[in-house]
Amino acid sequence: MRRWLSFHAWLVFAFLYLPILVIVALSFNQSRFGVRFTGFTFDWYIRLFSNERILEYLTNTLIVAVVSTLVSTVLGTLLALGLVRYRFRWQNALRYLLYVPVVVPDVVMGISLLLLFDVVRDAIGWPRLSLFTIILAHISFQIAYVTLVVRARLMLLDPTLEEAAKDLGATPWLTFREVTLPLIMPGVVSGALLAFSLSLDDFVVTFFTAGPGSTTLPLYIYSSVKLGVSPEIHALSTLMVGITILVLLLGTLFWRKRS
Amino acid sequence: MREAATPWERLRQMLLTIGPGAFWLVLFVLIPTLIMLVASLMSRGSLGQLVPPFGLHNYLRFFSDPLFVEIIGRSLWIGFWSTVFIMLLGYPLAFYVAQSRYKEALLLLVVIPFFTNFLIRVYAWIVVFQKEGLINGLITAFGLPPAELLPSTFAVYVATVYTYLPFFVLPLYAAVERIDWSQLEAAYDLGARPIRAFWEAIFPQTVPGLFAGFLLVFIPAVGTFVIADLLGGGKVTLVGNLIQLQFGSAQNWAFGSAASMVLMAMVLLGLWLYARTQGEKGLDKLV
Amino acid sequence: MNRVWLVALLGLLVAGCGQQKKELRLLNWSDYMPKEVLEAFEQREGIKVVEDTYDSPEAMLSKLQAGGDAEYDVLITADYTVGSLARAGSLQELDKAKIPNLKNLDPQFTDPAFDPGGRYSVVYQWGTTGLAYREDLVQGPVESWAVLFDPARQVGRFLLLDEMREMVGAALKFKGESVNSTDPAKLAEVQTLLLEAKRRSQGFAGGTSIRDRLIAGDIAVGPAYSGDILAAQAENPRLKYVIPVEGATLWTDNLVVLKKSPNHELAYKFINFLLEPEIAAQISNSIGYATPVAAAMDLIEEKDNPLIYPTQEKRARLEMLSDLGDQADAFNKVWSEVKSR
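Residue numbers (this note's numbering), protein chains in the order written: chain Y, 1 to 259; chain L, 1001 to 1287; chain C, 2001 to 2341.
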């Protein structure tokens, strides 16, 4: 059984990485046009490192992704906890509200958030469009995803464990930290990963809520549509994937040595 | 349920957990949605922006043209089947990852392809599917005639399945990782055969994750448009394309908002109907 | 847990702080302005230029309408958007006394159809939208829009351009009309024409996608932008470009100043800077499109290339897009129908 599972899993992984291999190949492609392989070159990587703009966009993207993921994971986990553990009057409305960011088309969310920021700015003179407004916008849809994922995990938890801790005299905070959190951690991690990917890739909402100088990588890539995507982007993508996998491998090896 | 010393403490705890998240959702989700609702009742100005008069004309237009109903139907169809394929691919994968010694690493491995950019990945699929692309390169190497994969609904399915797979695997993993395998053993002890044992002992434990995963895939998949644009050659029009068009060249924000409201209402209605059929506990299971 | 809050708060604070040096905020297509040019301007004026990019004129219009027009000083935008922006009150009427280098412009561009008198805009780059094709893949001559619109004269697989004004304009030209015609009867014919062509085509795609698929041999012919093809020909010399006999559009991308910007003076200086012959030449040589600055022609590398600078005879066939004003709705409806059915 395990072998079939394994075979299936690695087929799916192959499927997941097929486009990545294409991107890697294109990053070494001599041709500027990503259609045919004309020759091998490191040019694009060299140009990437001297392209300050792309590196600035990458930094912006990472700042937004990390900050928004942190905030939304915390808020979403708490929200999931509250929804599962407590009963209160508006809980059904809140539950449906969670699905709104999931279903609403990006363009509508983007424009309505922009309008909201305008109204607020007209009233109190703040905020201006910037990385900050992008982060606010991202958190808004990330919370929904994190909450839904953590909830799925939380619902499987046996409440008697927490009650036992309570009986032994633990405060709610201690119970949460030592009992609940470790048990829901895979859910929290999954939710955080999902939130991170969503932020890293978001274009439409970001476009409408970004201000001058707060261009992120997706904004830059999408607007390359007119003149064609530069293979420097392929090089960047290859590096991002490569470095993350490398860190992952090293981390796994190191962790194995420790235990 | 948590027991606190006093009702005030209970309230305080509740506010602490739900408060920040709920506040955020109300401010940045509910209010923009209301803005959208108001917009859907307005009319189109000469520059496409929102002007009075108010009215239900956008909704009337939406439901009176069979084209739009057809578009929604097509979106639901593609969304549904994409989700089915994703579930078939993702369900065993979640088990494999959760049972592995390196589960965190494998989970990360599932997500890493999505650290590249969505548009780039779709362009990569174009390279795979185009007439002199990867697949045809393989096919012609065997002497067979090249296949017309771009544009095609098939390509749209493949790319949609590809794009939303992690949305399914991540929530499901969260549930699968928690599975109590001793229940399986108990089932065997009671004489059940493997398939029956799995169905009765293990599958129910994955249901919360399965539901979360299904919804997190199906709902966005119905609203997708970039994939249909690039791989369907603009010939596969989904409700996402329709809405995008309203904020794009059609310059009709009012109608676009109305279409979005219809989409949202459909989804929420579906959720509500399902919760009703499940009785009292239905909403708990679902949302 | 406390540490997490702290980091998040710090992050939000850092992101919330703005920049302090005097800036010129520019909104443009990506890779459409060489960074050496921006750097030269930065050094000359001692300021910083912040460039943001957009991926489609309509998205950019939506953003500006929803309040984004207070965020930028200068915009580089397509010809047909200038009218909408002006009517929306977003544009500053140009103080031409502050832009003396306007005299360097080719007279053809000083009073364009989409902006009479050049009150709001200055042409930045221009090009044509014709038919690009692979001479080794087509099964017939490519001289007319008929290769797209007449089933009997199809020469190979083709794509349609995903740009409303260009594509509807091409169909209008095929019917012997102006690209700016809003005659309801003609538009209805054009809609039928486009829907029929869509069925036979490989679908809609953006300009660069069409170029890429031509290079890949995926299609044999398709509408394309002149400058795109220039770059592509280095890759595949069998790629050719023609301005169809019925005519084609001469499109321009234009510099405009946003009314709500607090930096009008700086904006005028910037536009003036871009009209200097050496700078204009540097721009065109770098990005491959045509410059409207007549005084720069001697410095242009491609000045004898008819692909970028069509001959007089061909120029007679070209037409500029004009602002449709209130009639734009008719175009929008046609395009909506064509894209959704």
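Just so it is clear, CB atoms sit at the ideal spot from N, CA and C, and this is done for glycine as well.
Counting along the chain, residue 201 of chain Y sits inside the alpha helix (DSSP H) bounded by residues 181–201. Taking a Cβ-Cβ cut-off of 7 Å, the neighbours of residue 1067 of chain L in chain C comprise 2340 and 2341, given in sequence order.
Across the structure, residue 1220 of chain L and residue 1067 of chain L are spaced so that their CA atoms are roughly 21 Å apart. Ranking L:1265, L:1160, L:1040 and L:1042 by CA distance to the CA of residue 1077 of chain L puts L:1160 first. Contact annotation: residue 19 of chain Y and residue 1228 of chain L have beta-carbon atoms that are not nearer than 8 Å. Distance from the CA atom of residue 2258 of chain C to the CA atom of residue 2332 of chain C, rounded to whole angstroms, is 25 Å. Counting along the chain, residue 2121 of chain C sits inside the beta strand (DSSP E) bounded by residues 2121–2134. DSSP places residue 2034 of chain C outside both helix and strand once states are collapsed to three, so it counts as coil. In this structure, residue 2162 of chain C lies away from residue 2321 of chain C, with their beta-carbon atoms at least 8 Å apart. Taking every protein chain shown into account, the CB of residue 2202 of chain C has 16 or more other CB atoms within 10 angstroms, so this residue is buried. The Cβ of residue 194 of chain Y sits no closer than 8 Å to any Cβ of chain C. Among the bridge pairs identified by DSSP, residue 2082 of chain C is matched with none. Residues of the region 215–244 of chain Y with a C-beta atom less than 9 Å from some C-beta of chain C are 215, 219, 220, 221, 222, 223, 224, 225, 226, 227, 228, 229 and 230, listed in chain order. Nearest C-alpha to residue 1210 of chain L among L:1057, L:1093 and L:1054: L:1093. Residues of chain L whose Cβ lies closer than 7 Å to the Cβ of residue 2164 of chain C are, in chain order, 1249. For the 8 Å CB-CB criterion, residue 1116 of chain L and residue 241 of chain Y form a contact.
Residue 44 of chain Y: member of the alpha helix (DSSP H) spanning 43–50, first to last residue. DSSP, reduced to helix, strand and coil, places residue 2072 of chain C outside both helices and strands of the structure shown, so it counts as coil. Here residue 162 of chain Y is buried. Its C-beta has 16 or more other C-beta atoms within 10 Å. Assigned with DSSP and collapsed to three states, residue 250 of chain Y falls in helix.
The straight-line gap separating the alpha-carbon atoms of residue 157 of chain Y and residue 1084 of chain L is approximately 27 Å. C:2076 is the residue among C:2133, C:2071 and C:2076 whose C-alpha sits nearest the C-alpha of residue 2124 of chain C. DSSP places residue 57 of chain Y within a helical segment (H, G or I) once states are collapsed to three. Under the 10 Å beta carbon count, residue 2187 of chain C is surrounded by 16 or more other beta carbons and is classified as buried. A contact is defined here as three or more CB-CB pairs under 8 Å, and the region 1165–1182 of chain L meets this definition with respect to the region 147–154 of chain Y. Burial is judged here by how many other beta carbons sit within 10 angstroms of a residue's own beta carbon; residue 2228 of chain C has at least 16 and is buried. Taking every protein chain shown into account, the CB of residue 46 of chain Y has fewer than 16 other CB atoms within 10 angstroms, so this residue is exposed.
For residue 2133 of chain C, the closest of C:2155, C:2323 and C:2308 by C-alpha to C-alpha distance is C:2155. Listed by position along chain L, the residues whose Cβ is nearer than 8 Å to that of residue 2059 of chain C are 1247 and 1248. Along the region 97–126 of chain Y, going in chain order, the ones with a CB nearer than 7 Å to a CB of chain C are 111, 114, 115 and 118. One thing to note: residue 22 of chain Y has its Cβ no nearer than 8 Å to the Cβ of residue 1110 of chain L. Here residue 2311 of chain C carries a coil assignment [DSSP, helix/strand/coil]. Residue pairing by DSSP places residue 2222 of chain C opposite C:2132 in a beta bridge. Excluding sequence positions up to five before and after residue 1223 of chain L, its CB lies within less than 7 Å of the CB of 1239, 1240 and 1263, all in the same chain and listed in chain order.
Taken in chain order, the members of the region 27–55 of chain Y whose beta-carbon sits within less than 8 Å of a beta-carbon on chain C are 31, 32, 33, 34, 35, 36, 38 and 53. Within the DSSP bridge table, the entry for residue 1044 of chain L names L:1050 as partners.
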